Amino acid sequence: MIIKQIDSKQEDLEVLQQLLQRPDLSPQTQRKIEQRIRLLCAGIKGEEESAYLMQFHFGNHPDWVIINDLRLQFQNKVAQIDHLLINRHLQIFVCESKRIAGELIINEFGEFSRRYNGQGQGMPSPLEQNKRHISILKQLLQKKLIQCPSLCGLYFKPLIYSLILISNDSSILRPKKTIAGLDNIIKNEQLQEKVKQLSKPLGIFSIIRTVSRSRLEEFAHQLVKLHHPQKHDWLACFGLNKINNHSANIATSSQPQTETLTPKKKPVSYFCVACRKNISPDAANYCWNHKNIFGGKAYCYQCQQIIRQKHQ
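Just so it is clear: in the sequence shown, position 67 is 67 by UniProt numbering, and no numbers are missing.
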């Protein structure tokens, strides 16, 4: 059963695209915004791929619940958990999904980098990132902010596992040296088999520590109640000030305004030529203003990022 779906990031994408239209942007700030849009779109695609396969294998299973896109806070710390997969034995699989374009490379020191079109770039360790998420989840459990199911007055202690889910079209280059945790870095398509493998060690104890389906759902709903959606202040993020409509019109128009009597036109609707989704006038204008990239055609935000990657 799916307890929580992925939060929509569409509003953030629209705000970022609108920021790109500002006349006061420096080239450096423009590049930063474009980079944030690419990362956001890649993250959305990675989460959606993992969520789809998770739902396919476990979504209709009566002994499992799925929580997507859960943001937990404890004191001054935050855990942005991509997916939680929980069964009736109270085994919790904390899953961090990563959309990697090209190759994911792990060296003998456990350092991570990605390589695309021959160009490499370092990246934070998803293993350490997930460790921090699990640490915050454990603290919430220890403080009993999440009440665990009990049997005869004895509370079940959840068993927590870390999984890093990599997009299926990526390649993973692993070191020859054995490093703890690397075997839990898998592709999305390997999820079902990995969960099955990690669930086996319980053996006969799985019968003893099995909670009812209703208690499992209750436990999951407690977690969702602690969800704190993230609200971005994109202006502050890029060091921008608010711009009023009057100033914007002056900055973007060189023609004097004259009153003319013209017949009212019907509102124009725009759509993406690739996926046929409806798009805003801002998105269409952005594509037309960058004909060198989009060829004078209008695309939605996600299709824009695909074309940008091909253009680079």
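Glycine included, each C-beta is placed from N, C-alpha and C at the ideal position.
None of these values were measured; they are calculated from a predicted model.
Residue i at chain C interface by Cβ criterion, 8 Å
i: residue 119; result: The displayed structure is made up of one protein chain only, and chain C is not part of it.
Terminal residues of the alpha helix (DSSP H) in which residue i lies
i: residue 40; result: 27–58
i: residue 172; result: Unbroken run through residue 172 is the beta strand (DSSP E), 171–173; no alpha helix (DSSP H).
i: residue 286; result: 281–288
i: residue 133; result: 126–142
i: residue 240; result: Unbroken run through residue 240: none, as it is neither H nor E.
i: residue 119; result: Premise fails: residue 119 lies in the beta strand (DSSP E), 119–123, not in any alpha helix (DSSP H).
i: residue 15; result: 10–19
Contact set for residue i: own chain, Cβ-Cβ below 7 Å, skip 5 residues either direction
i: residue 258; result: Unreliable positioning characterises residue 258 in this predicted model, as indicated by a pLDDT of 43, which lies under 50. A coordinate reading is not provided.
i: residue 266; result: Low confidence applies to residue 266: its pLDDT is 45, below 50, so where it sits in the model is not reliable enough to give any reading.
i: residue 299; result: 272, 273, 274, 287, 307
i: residue 208; result: none
i: residue 139; result: 74
i: residue 178; result: none
i: residue 232; result: 12
i: residue 113; result: 105, 120, 121, 122, 123
i: residue 220; result: 3, 65, 67, 86
i: residue 198; result: 161
i: residue 134; result: 94, 160, 162
i: residue 211; result: 88, 90, 149, 156
i: residue 279; result: 270, 271, 272, 298, 300
i: residue 222; result: 146, 147
Assumed close pair residue i, residue j - CB separation to whole angstroms, cut-off 8 Å
i: residue 17; j: residue 282; result: 6 Å
i: residue 137; j: residue 72; result: 7 Å
i: residue 224; j: residue 86; result: Residue 224 to residue 86, Cβ: 12 Å. No contact.
i: residue 145; j: residue 226; result: 7 Å
i: residue 111; j: residue 165; result: Not really, about 20 Å apart at Cβ, beyond 8 Å.
i: residue 57; j: residue 192; result: 4 Å
i: residue 189; j: residue 39; result: Going by Cβ atoms, the distance from residue 189 to residue 39 rounds to 24 Å, so no, they are not a contact pair.
i: residue 44; j: residue 9; result: 6 Å
Check: residue i C-beta below 7 Å from any heavy atom of the ligand SAM
i: residue 150; result: Absence of the ligand SAM is noted for the structure shown, with no ligands found whatsoever.
Close beta carbons around residue i, own chain, < 8 Å, minus the five adjacent residues each side
i: residue 29; result: 238, 239, 240
i: residue 263; result: Reliability of the predicted coordinates at residue 263 is poor, the pLDDT of 47 falling under 50, and the value obtained from them is presented with this limitation in mind. Contacts found: none.
i: residue 213; result: 62, 63, 88
i: residue 21; result: 282, 285, 286
Residues of its chain near residue i, where Cβ-Cβ distance is below 6 Å and the 5 sequence neighbours each way are ignored
i: residue 13; result: 301
i: residue 313; result: Given that the chain is displayed from residue 1 to residue 312, the structure contains no residue 313 and the question cannot be resolved.
i: residue 41; result: 302, 305
i: residue 1; result: 65
i: residue 194; result: 186
i: residue 108; result: 175, 177
i: residue 77; result: 136
i: residue 142; result: none
N- and C-terminal bounds of the beta strand (DSSP E) containing residue i
i: residue 292; result: Taken as a continuous stretch (DSSP letters only), residue 292 belongs to no beta strand (DSSP E), being part of the alpha helix (DSSP H) at 291–294.
i: residue 162; result: 159–166
i: residue 65; result: 64–74
i: residue 82; result: 77–87
i: residue 94; result: 91–98
i: residue 103; result: 103–106
i: residue 2; result: 2–4
i: residue 112; result: 112–116
Indicate whether the contact test is met: 3 or more Cβ pairs, each with one atom in the segment 153–171 and one in the segment 85–92, closer than 8 Å.
yes
Do the segment 116–128 and the segment 64–83 touch if we need at least three Cβ pairs shorter than 8 Å?
The answer is no - the segment 64–83 does not touch the segment 116–128, with fewer than three Cβ pairs under 8 Å.
So does the segment 130–138 actually touch the segment 113–121, counting three or more Cβ pairs closer than 8 Å?
With a cut-off of 8 Å on Cβ pairs, the segment 130–138 is not in contact with the segment 113–121, counting fewer than three such pairs.
Is the number of C-beta pairs between the segment 49–63 and the segment 100–111 that are closer than 8 Å three or more?
no
Entirely enclosed beta strand (DSSP E) segments - the segment 177–237, minimum 3 residues
Entirely contained in the segment 177–237, the beta strand (DSSP E) runs reaching 3 residues are, in chain order, 185–187.
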